[in-house]
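Visitor: Quick note on numbering: the sequence shown equals residues 4 to 70 in the working numbering. Note that the Cβ used here is the ideal one computed from N, Cα and C, for glycine as well. Keep in mind that this is a model prediction, so the values were computed, not measured. Encoded as structure tokens, here's the structure I'll be asking about.
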Amino acid sequence: MEEAQAYAGENGLYFIETSAKTAANVNDLFQEIASRLPKAEALPPLQQPGIVLTQTQDHAPRKAACC
Numbered sequence: 004m005e006e007a008q009a010y011a012g013e014n015g016l017y018f019i020e021t022s023a024k025t026a027a028n029v030n031d032l033f034q035e036i037a038s039r040l041p042k043a044e045a046l047p048p049l050q051q052p053g054i055v056l057t058q059t060q061d062h063a064p065r066k067a068a069c070c
């Protein structure tokens, strides 16, 4: 653990010891990763020609297809 911590410090990396078996520090690790992700900037809507597909519910019974 000390060697890994030293390596992380020398290379500007984040180090935390976790356990998948006991879930120790797993939530803390994910929170740290999320806090270091770049923030997405809102993009303006694209004004490109095209078709917008929407989901509709078809209540008509369907015929079964044969082999």
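Are LEU26 and TYR17 closer than 8 Å when you measure CB to CB?
Guide: Before going further, note that residue 26 is Ala rather than Leu in the sequence given. No; because the gap between Cβ atoms is not below 8 Å, this pair is not in contact.
Visitor: Taking C-beta to C-beta, are ILE19 and GLU35 nearer than 8 Å?
Guide: The answer is yes: Cβ separation under 8 Å.
Visitor: Just to confirm my understanding: we take ASP31, look at its own chain, exclude 5 residues before and 5 after, and list those with CB closer than 7 Å. What are they?
Guide: Same-chain partners within the cutoff: ILE19.
Visitor: Consult DSSP for PHE81 and reduce its assignment to one of helix, strand or coil.
Guide: This structure leaves residue 81 out entirely; the chain is present only between 4 and 70.
Visitor: The alpha helix (DSSP H) with LEU32 in it runs from where to where?
Guide: Where LEU32 is concerned, the enclosing alpha helix (DSSP H) stretches over 29-39.
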